[in-house]
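Numbering (the numbering used here), first residue to last: 26 to 174. Presented below is the structure to which this report refers.
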Ligand SMILES: [Zn+2]
């Protein structure tokens, strides 16, 4: 991937998600009290108010729930690879759990590897994990999406 792309800011809540990603696992917070899953990570369950949490391992399979093709003005690193896609993927285990990412051809493939016009709502996808990307704040592994084979 190119440099100068926006990377997530890690904090106390989100860091475990990316630690698991670095280990090749897609995990989400799940309330220990009522079982409600939550993405993005938050300190408290929106359903019952509990702060007890576990990190549930997901299959990594999902479907394209929606997608967008960003248009200019874009940051220079993104303008250089436009047109590209941003997909919203719903998890196979729970359609209320959705991830924002990119549909790519391979884990470290360029953002514009997939023709946005070929993407279909509902198509099955599988998570892959990028090589560590470093923006100077430390390496982070990004979950990305490829077409399920
Ligand atoms: Zn709860």
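Ideal Cβ positions, reconstructed from N, Cα and C, are used throughout, including at glycine.
Buried or exposed (CB count within 10 angstroms, at least 16 for buried), residue 146: Here the question's residue 146 lines up with position 121 in the chain shown. Label assigned to residue 146: exposed.
Do residue 43 and residue 35 come within 8 Å of each other at the CB atom, strictly closer than that value? Working through the chain shown from its first residue, we reach residue 35 at position 10. Working through the chain shown from its first residue, we reach residue 43 at position 18. Cβ atoms of residue 35 and residue 43: closer than 8 Å.
Helix, strand or coil for residue 202, going by three-state DSSP, please let me know. Only positions 26 to 174 of the chain appear in the structure, and residue 202 is not among them; the question remains open.
Quick one: residues in its chain with C-beta nearer than 7 Å to the C-beta of residue 32, no 5 flanking neighbours on either side, listed in chain order? Counted from its first residue, the chain shown places residue 32 at position 7. Within the same chain, 158, 160, 165 come within 7 Å of residue 32 by CB-CB distance, once the 5 residues on both sides are set aside.
Could you name the residues whose beta carbon sits closer than 6 Å to any heavy atom belonging to ligand 1, keeping them in chain order? Residues with a Cβ closer than 6 Å to any heavy atom of ligand 1, in chain order: 56, 58, 59, 61, 70, 72, 73, 75.
Closest to residue 129 by C-alpha separation, out of 56, 143, 80, 100, would be which residue? Walking along the chain shown from the start, residue 129 turns up at place 104. Of the candidates 56, 143, 80, 100, the one whose C-alpha sits nearest the C-alpha of residue 129 is 143.
So, with DSSP's three-state summary, where would you put residue 164? In the chain shown, the residue the question calls residue 164 occupies position 139. Three-state result, residue 164: strand.
I need the boundaries of the alpha helix (DSSP H) containing residue 176, first residue and last residue. Absent from the model: residue 176. The displayed extent of the chain is 26 to 174, so no value can be given.
Quick one: is residue 121 buried, meaning 16 or more other Cβ sit within 10 Å of its Cβ, or exposed? Here the question's residue 121 lines up with position 96 in the chain shown. Result: exposed.
Give the DSSP-derived three-state secondary structure of residue 135 in the structure shown. By 1-based counting over the chain shown, the position of residue 135 is 110. In this structure, residue 135 counts as coil in the three-state DSSP scheme.
Within its chain, find whatever has a CB closer than 6 Å to the CB of residue 73; leave out the 5 residues flanking it on each side and keep chain order. Counting from one through the chain shown, the residue named residue 73 turns up at place 48. So the qualifying residues of the chain are 58, 59.
What do you reckon, are the CB atoms on residue 89 and residue 131 nearer than 8 Å? Here residue 89 is taken as the residue at index 64 of the chain shown, counted from 1. Here residue 131 is taken as the residue at index 106 of the chain shown, counted from 1. The answer is no: Cβ separation not under 8 Å.
Cutoff 6 Å; reference residue 156; Cβ partners in own chain excluding five residues on either side: Here residue 156 is taken as the residue at index 131 of the chain shown, counted from 1. Hits under 6 Å: 133.
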